[in-house]
Amino acid sequence: MNYFLVFQNKSYKEERNGGYLWAPQKNNTGQTFHHWTDMKMIKKEDIVFNSYNGNLVSVLIAKENCTEHERPTGLDQLDLWEKDGWLVNAEYIDLKAPITYKDYMEDILKLQDNKYAPFNKSGRGNTGYLFRVSEELANFLFEIIERTNGVSRERFQIENNLKEEIIKQIENDLDSAIILDKTEKETIIKSRIGHSAFKKALLVIEKKCRICGVTDERFLVASHIKPWSESNNLERLDVNNGLLLCPNHDALFDKRYISFDETGQVMIKKSLDDTTKILLNINETMRIGMNERQQNYMKWHREKFLNK
1278 MNYFLVFQNK SYKEERNGGY LWAPQKNNTG QTFHHWTDMK MIKKEDIVFN SYNGNLVSVL
1338 IAKENCTEHE RPTGLDQLDL WEKDGWLVNA EYIDLKAPIT YKDYMEDILK LQDNKYAPFN
1398 KSGRGNTGYL FRVSEELANF LFEIIERTNG VSRERFQIEN NLKEEIIKQI ENDLDSAIIL
1458 DKTEKETIIK SRIGHSAFKK ALLVIEKKCR ICGVTDERFL VASHIKPWSE SNNLERLDVN
1518 NGLLLCPNHD ALFDKRYISF DETGQVMIKK SLDDTTKILL NINETMRIGM NERQQNYMKW
1578 HREKFLNK
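Quick note: the sequence shown uses my numbering, first residue 1278, plus one each step.
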């Protein structure tokens, strides 16, 4: 896997909306530069960190190898480059908390390669579009992302590795007799990809129902603490926003008949009678452990539980 950094100050919005990276092959005098031709080095599954106004705001995963492609229509209004160019279709994963490069520049300058580096010795971005990133610098940037956004490197890898497999499965599942327009189909696919990747990530950390201990994966549900419908893209795939639960306890938690206090002690709605609690295997002595980030999500859930 290769890593890159792209400066998108002029083209971020257009490229982000279109889901691609694009650079011209030559300028209007016939000159070319390494920060354009390096686009050809990008292969499927490579990772690109971006810079927009000095901030890392998105991590990109290449969907396919770089190809020759005319300037996308979304960039025509900028009218900054010749039409012949290089294009990479990419998945943009936006960070909840953008990272300012200059805050970490001392370490970045030590970790980047000397040749074709994204930043000069004074810490300013070099003039150009795409630059190579050393594995050491990539590891450092992933560490910052996890520390500031609570999203591990594994989350990017899991989404990347599973996406094609999941898309094929989803497309096979969709009944061909049902007419879906492109937007509807993309919405279904993105939702299913997210749920599948979330469960895979959660299973790496948890092996059983957090409440009752059921271990059979066929009967385990990756339950969001803060629901999918009310979470942003990062929260939807953040494993700290999840509990692995059996179907009974998932239903209770999802419908907010139970929640957990700051110590992890279960809280049960008074509307559940004793017989129901016995049949659903829930009682006031149950407790779970939570890390700090899970506590933050649980606070949200607990407030909704108390106000229900």
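Glycine is no exception: its CB is placed at the ideal position from the N, C-alpha and C atoms.
For residue j and residue i, the rounded distance between their alpha carbons
i: Val1481; j: Asn1305; result: 52 Å
i: Pro1349; j: Lys1398; result: 34 Å
i: Val1365; j: Gly1296; result: 9 Å
i: Val1283; j: Asp1361; result: 19 Å
i: Asp1531; j: Val1498; result: 11 Å
i: Leu1549; j: Phe1537; result: 16 Å
i: Glu1383; j: Val1543; result: 46 Å
i: Asn1568; j: Asp1380; result: 27 Å
i: Pro1395; j: Asp1315; result: 12 Å
i: Lys1287; j: Asn1330; result: 9 Å
C-beta contact flag for residue i and residue j at 9 Å
i: Gly1427; j: Leu1511; result: yes
i: Asn1279; j: Lys1320; result: yes
i: Ile1370; j: Leu1337; result: yes
i: Ile1559; j: Ile1502; result: no
i: Asp1527; j: Ser1500; result: yes
i: Gly1405; j: Ile1385; result: no
i: Lys1576; j: Arg1533; result: no
i: Leu1372; j: Leu1407; result: no
i: Phe1281; j: Arg1409; result: yes
Under the three-state DSSP convention, the category residue i falls into
i: Pro1368; result: The question names Pro, but residue 1368 is Glu in the sequence shown. If DSSP states are grouped into helix, strand and coil, Glu1368 belongs with the strands.
i: Tyr1297; result: strand
i: Arg1409; result: strand
i: Gly1351; result: helix
i: Thr1404; result: coil
i: Glu1569; result: helix
i: Ala1394; result: coil
i: Ala1454; result: Interpretation of Ala1454 is limited by its pLDDT of 44, a score under 50 that renders its predicted location unreliable; the figure taken from the coordinates is listed afterwards. DSSP places Ala1454 in coil when its eight states are reduced to three.
i: Asp1323; result: coil
i: Lys1317; result: helix
i: Asn1332; result: strand
i: Glu1341; result: coil
i: Thr1306; result: coil
i: Lys1585; result: coil
i: Lys1373; result: strand
Where residue i falls, given that 16 or more other Cβ within 10 Å makes a residue buried
i: Glu1292; result: buried
i: Phe1605; result: Only positions 1278 to 1585 of the chain appear in this structure, which leaves residue 1605 out of reach.
i: Ile1324; result: buried
i: Gly1519; result: buried
i: Asn1327; result: buried
i: Asn1294; result: exposed
i: Ala1454; result: Low per-residue confidence applies at Ala1454: pLDDT is 44, beneath 50, and the placement is therefore not dependable, though the value from the model is reported in the following sentence. Label assigned to Ala1454: exposed.
i: Asn1416; result: exposed
i: Ser1429; result: buried
i: Asp1515; result: buried
i: Asn1391; result: exposed
i: Gln1571; result: buried
i: Ser1506; result: exposed
**Study point:** Inside the stretch 1479 to 1566 only - beta strand (DSSP E) runs reaching at least 3 residues
**Key:** Taking only runs of at least 3 residues, the beta strand (DSSP E) segments lying wholly in the stretch 1479 to 1566 are 1498 to 1501, 1519 to 1522, 1535 to 1537, 1543 to 1545.
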